[in-house]
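So the numbering used here is basically just the index in the sequence shown, starting at one, shifted up by 12.
C-beta: ideal position from N, C-alpha, C; glycine also.
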Amino acid sequence: MPVITVNWWQGNDREARRELVAGITDVVTRVSGCPGDAVTVIVRDVAPDHWGKGGRLVDESHIPRGLR
(Lines of atoms letter the chains of each structure in order from A and count residues from 1; the text may use other names and numbers.)
(Lines give C-alpha, C1' and ligand atoms only; values in the text may rest on other atoms or scores of the structure.)
Protein backbone atom coordinates (compact mmCIF):
# COMPACT_ATOMS: atom_id res chain seq x y z
CA MET A 1 0.00 0.00 0.00
CA PRO A 2 2.10 2.95 -1.26
CA VAL A 3 1.68 6.36 0.35
CA ILE A 4 3.08 9.25 -1.67
CA THR A 5 3.35 12.78 -0.26
CA VAL A 6 3.69 15.77 -2.59
CA ASN A 7 4.66 19.19 -1.29
CA TRP A 8 3.97 21.97 -3.77
CA TRP A 9 3.37 25.67 -3.70
CA GLN A 10 0.07 26.92 -2.43
CA GLY A 11 -2.24 28.34 -5.06
CA ASN A 12 -2.87 25.38 -7.36
CA ASP A 13 -6.56 24.77 -7.95
CA ARG A 14 -8.64 21.67 -7.28
CA GLU A 15 -8.46 20.52 -10.91
CA ALA A 16 -4.65 20.60 -10.82
CA ARG A 17 -4.66 18.53 -7.60
CA ARG A 18 -7.11 16.07 -9.15
CA GLU A 19 -4.89 15.67 -12.22
CA LEU A 20 -1.76 15.27 -10.07
CA VAL A 21 -3.35 12.59 -7.86
CA ALA A 22 -4.69 10.68 -10.88
CA GLY A 23 -1.35 10.81 -12.70
CA ILE A 24 0.69 9.70 -9.70
CA THR A 25 -1.78 6.90 -8.99
CA ASP A 26 -1.55 5.71 -12.62
CA VAL A 27 2.26 5.60 -12.53
CA VAL A 28 2.48 3.86 -9.16
CA THR A 29 -0.12 1.31 -10.23
CA ARG A 30 1.72 0.60 -13.48
CA VAL A 31 5.16 0.34 -11.89
CA SER A 32 4.23 -1.53 -8.70
CA GLY A 33 1.38 -3.65 -9.98
CA CYS A 34 -0.79 -2.76 -7.01
CA PRO A 35 -4.42 -1.74 -7.53
CA GLY A 36 -5.21 1.96 -7.76
CA ASP A 37 -7.40 1.89 -4.68
CA ALA A 38 -4.35 0.83 -2.64
CA VAL A 39 -2.43 4.00 -3.58
CA THR A 40 -2.70 6.99 -1.24
CA VAL A 41 -1.54 10.42 -2.40
CA ILE A 42 -1.26 13.27 0.10
CA VAL A 43 -0.96 16.76 -1.40
CA ARG A 44 0.37 19.48 0.88
CA ASP A 45 0.09 23.11 -0.15
CA VAL A 46 3.06 25.10 1.13
CA ALA A 47 3.10 28.90 1.15
CA PRO A 48 6.11 30.32 -0.72
CA ASP A 49 7.21 32.11 2.45
CA HIS A 50 7.49 28.68 4.12
CA TRP A 51 9.64 27.22 1.32
CA GLY A 52 13.38 27.78 1.07
CA LYS A 53 15.65 27.16 -1.88
CA GLY A 54 19.28 28.14 -2.28
CA GLY A 55 19.41 29.69 1.18
CA ARG A 56 16.52 32.09 0.55
CA LEU A 57 12.78 32.00 1.02
CA VAL A 58 11.11 31.43 -2.31
CA ASP A 59 8.82 34.43 -1.98
CA GLU A 60 11.92 36.64 -1.85
CA SER A 61 13.44 35.34 -5.04
CA HIS A 62 11.10 33.47 -7.37
CA ILE A 63 7.38 32.89 -7.53
CA PRO A 64 6.21 30.94 -10.57
CA ARG A 65 3.84 32.47 -13.09
CA GLY A 66 0.25 31.82 -12.13
CA LEU A 67 1.02 31.83 -8.40
CA ARG A 68 1.96 35.51 -8.14
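Identify which residue in the options has its Cα closest to the Cα of residue i.
i	options	result
I16	S44, Q22, H62	S44
D57	P47, P14, V18	V18
E31	L69, D61, K65, V53	V53
D25	H62, G67, V55	V55
Would you mind reading off the limits of the beta strand (DSSP E) that contains residue i?
i	result
V18	15 to 21
Assign residue i to one of three DSSP states: helix, strand, or coil.
i	result
G64	strand
D57	strand
On the DSSP bridge list, what partners appear for residue i?
i	result
T52	V15
Between which two residues does the alpha helix (DSSP H) carrying residue i extend?
i	result
D38	26 to 44
Exercise for the section: Tell me, please, whether the region 33 to 45 touches the region 58 to 77 by the rule of three or more beta-carbon pairs shorter than 8 Å. Expected result: no
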